[in-house]
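Below: the structure, in structure tokens.
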Amino acid sequence: MRDSRRYLAPEILASIGNLELIAKFVVEGFISGLHKSPYHGFSVEFSQYRQYMPGDDTKHIDWKAYARTDRYYIKQFEEETNLNCYLLLDTSESMMHPVADERETTEPAQRIPITKLQYSSFLIASLAYFMGRQRDAIGFAYFDETLHEYFPARSSASHLHAILLTLETLQTAKGTQLGVPLHQIAERLTKRGLVILISDLYDENQAEVIKGLEHLRHEGHEVIVFHVLAQQELAFPYERPIRFVDAETGAEILTTPEAIQESYLSHFNQFVNDYSLALRQADIDYNLISTSTPVDFALTSYLAKRQGLS
Numbered sequence: 267m268r269d270s271r272r273y274l275a276p277e278i279l280a281s282i283g284n285l286e287l288i289a290k291f292v293v294e295g296f297i298s299g300l301h302k303s304p305y306h307g308f309s310v311e312f313s314q315y316r317q318y319m320p321g322d323d324t325k326h327i328d329w330k331a332y333a334r335t336d337r338y339y340i341k342q343f344e345e346e347t348n349l350n351c352y353l354l355l356d357t358s359e360s361m362m363h364p365v366a367d368e369r370e371t372t373e374p375a376q377r378i379p380i381t382k383l384q385y386s387s388f389l390i391a392s393l394a395y396f397m398g399r400q401r402d403a404i405g406f407a408y409f410d411e412t413l414h415e416y417f418p419a420r421s422s423a424s425h426l427h428a429i430l431l432t433l434e435t436l437q438t439a440k441g442t443q444l445g446v447p448l449h450q451i452a453e454r455l456t457k458r459g460l461v462i463l464i465s466d467l468y469d470e471n472q473a474e475v476i477k478g479l480e481h482l483r484h485e486g487h488e489v490i491v492f493h494v495l496a497q498q499e500l501a502f503p504y505e506r507p508i509r510f511v512d513a514e515t516g517a518e519i520l521t522t523p524e525a526i527q528e529s530y531l532s533h534f535n536q537f538v539n540d541y542s543l544a545l546r547q548a549d550i551d552y553n554l555i556s557t558s559t560p561v562d563f564a565l566t567s568y569l570a571k572r573q574g575l576s
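Positions in the sequence shown are counted from 1; adding 266 to them yields the numbering used here.
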């Protein structure tokens with residue numbers, strides 16, 4: 267399993283270069299593994315039996331029922347085709363933080379630099395492609411200080427293709443003010459569904475971000491947050507003197523890592539814990555994802571939410 271999943275590492279996926287191919291690669295590999303897991307068949311639930319009629323597909327005949335009753339019965343299924351799923355992406359400048367790989371490697375593809383925004387785009391594309399296969403209706407929006415583009419939820423192949431094309435050409439803005447566009451989106455969504463936000467959640471007004479997500483929850487939506495952070499943000503692995511630059515304000519600091527590591531990790535862990543606690547208290551599913559994690563992890567988290575297992 268470890269050998270196969272290494273090909274879903276973000277650095278490998280970046281070498282593919284096309285989001286639609288990346289999404290297909292991730293989802294096909296994920297579904298292949300799904301067939302061997304307890305989740306197999308999650309999108310179709312058994313509803314009831316009815317008597318076989320000429321013209322029915324014989325593959326749906328329940329032969330055990332025939333053995334008991336000497337009559338042909340068809341299993342009827344209820345497909346989950348009416349889910350509206352809205353994918354929300356933070357495109358503020360902090361999402362351009364490069365995802366550095368500190369490990370030594372001799373494979374050129376693993377040295378391709380990517381950003382949190384690219385990693386998040388892989389997640390969005392893979393989730394959208396997966397939902398398309400399940401015939402769910404997919405909506406999409408991206409924003410920073412303001413809402414830039416909004417796609418209402420639809421289930422056509424052309425709609426999915428338009429979302430993937432938009433992901434290929436995303437632009438970032440300096441500022442972050444996630445609360446405002448989250449409220450705007452909550453007002454636009456007229457049909458209840460599943461809302462997935464992918465963001466690093468860097469916003470000076472954390473309370474407003476939480477209120478925006480609570481607004482979505484109060485409108486009756488199921489809400490999942492994928493909190494995407496670079497591994498070096500989580501672990502602070504630096505050893506040599508380094509210059510840090512704030513991507514959104516341009517402020518710089520030149521320091522030795524050991525001088526600030528303890529303070530940084532303390533404040534950073536508090537930042538993560540504050541979001542985790544507040545969102546879970548609001549009945550919002552919070553998932554911390556390191557950019558070193560294979561992309562199919564997001565599909566697993568999404569599927570767990572769909573089945574009410576998380």
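Glycine included, C-beta positions come from ideal geometry on N, C-alpha and C.
Selection from the options that minimises the alpha carbon distance to residue i
i	options	result
Pro-223	Ser-465, Leu-543, Thr-521, Gln-498	Outside the modelled stretch of the chain, which goes from 267 to 576, sits residue 223, for which no answer is possible.
Ala-394	Leu-436, Ser-422, Leu-467, Asp-336	Ser-422
Glu-277	Ser-386, Arg-401, Thr-442, Leu-463	Ser-386
Thr-412	Ile-464, Ser-358, Arg-337	Ser-358
Glu-485	Phe-502, Gly-459, Glu-470	Gly-459
His-425	Asp-410, Thr-438, Leu-448, Arg-401	Arg-401
Phe-388	Gly-516, Ala-403, Leu-433	Leu-433
Gln-450	Asp-466, Leu-479, Tyr-468, Leu-467	Leu-479
Gln-384	Gly-398, Gln-472, Ala-280	Ala-280
Ser-529	Leu-431, Gly-516, Leu-349, Ala-501	Ala-501
Leu-448	Leu-431, Leu-436, Thr-438, Gln-472	Gln-472
Met-362	Gly-441, Tyr-332, Phe-291	Gly-441
Arg-420	His-414, Arg-399, Thr-438	Arg-399
Leu-444	Glu-474, Glu-524, Gln-437	Glu-474
Thr-515	Leu-531, Thr-324, Glu-505, Glu-470	Glu-470
His-414	Pro-364, Leu-436, Phe-396, Asn-350	Leu-436
Thr-324	Tyr-338, Ala-517, Phe-296, Gly-295	Tyr-338
Cut-off 6 Å between Cβ atoms - residues of its own chain near residue i, not counting five sequence neighbours on either side
i	result
Thr-559	none
Val-461	Tyr-352, Leu-482, His-487, Val-489
Phe-406	Leu-353, Phe-417, Ile-429
Ile-555	Phe-492, Val-494
Thr-476	Here residue 476 turns out to be Ile, not Thr, going by the sequence shown. For Ile-476, where only same-chain residues beyond five positions count, the Cβ hits under 6 Å are Ala-544.
Glu-368	Residue placement at Glu-368 is flagged as unreliable, the pLDDT there being 42, under the threshold of 50; a coordinate-derived value is accordingly withheld.
Thr-519	The sequence shown places Ile at residue 519, not Thr. These residues qualify, in order along the chain: Phe-510.
Phe-409	Pro-447
Phe-291	none
Ser-465	Asp-356
Gln-376	With a pLDDT of only 46 at Gln-376, under 50, the local geometry of the prediction cannot be trusted, and no value is derived from it.
Leu-463	Leu-354, Val-491
Simplified DSSP state of residue i, which is helix, strand or coil
i	result
Asp-336	coil
Pro-418	strand
Ser-386	helix
Glu-488	strand
Leu-393	helix
Ser-281	coil
Pro-560	coil
Gly-405	strand
Ile-380	strand
Ile-297	helix
Asn-535	helix
Arg-463	Correcting the residue type first, residue 463 is Leu in the shown sequence and not Arg. Three-state result, Leu-463: strand.
Tyr-541	helix
Leu-355	strand
Ile-327	strand
Leu-482	helix
Close Cβ partners of residue i (< 8 Å) along its chain, the five nearest in sequence each way excluded
i	result
Phe-285	According to the sequence displayed, residue 285 carries Leu and not Phe. Closer than 8 Å at the Cβ level, and outside the excluded window around Leu-285, lie Ser-387, Phe-388, Ala-391, Leu-430, Leu-433, Glu-434.
Close-in-space but distant-in-sequence residues of the same chain around residue i (CB under 7 Å, 5 per side omitted)
i	result
Leu-467	Val-475, His-493, Tyr-541
Glu-505	Pro-523
Ile-282	Ile-288, Phe-291
Ala-496	His-363, Val-365, Lys-382, Thr-557
Asp-549	Arg-483
Pro-374	For Pro-374, the pLDDT reaches just 44, beneath the cut-off of 50, and the residue's location in the model is therefore unreliable, although a value from the coordinates is still provided. If we look at Pro-374 and ignore the five residues flanking it on each side, it has no Cβ neighbours.
Gln-527	Phe-502
Val-561	Leu-274, Pro-276, Leu-279, Val-292, Phe-388, Leu-389, Ser-392
Q. Does the stretch 527–535 come within contact of the stretch 447–460, defined as at least 3 CB pairs closer than 8 Å?
A. no
(Q) Could you tell me which whole alpha helix (DSSP H) segments of length 4 or greater appear in the stretch 494–527? (A) 497–501
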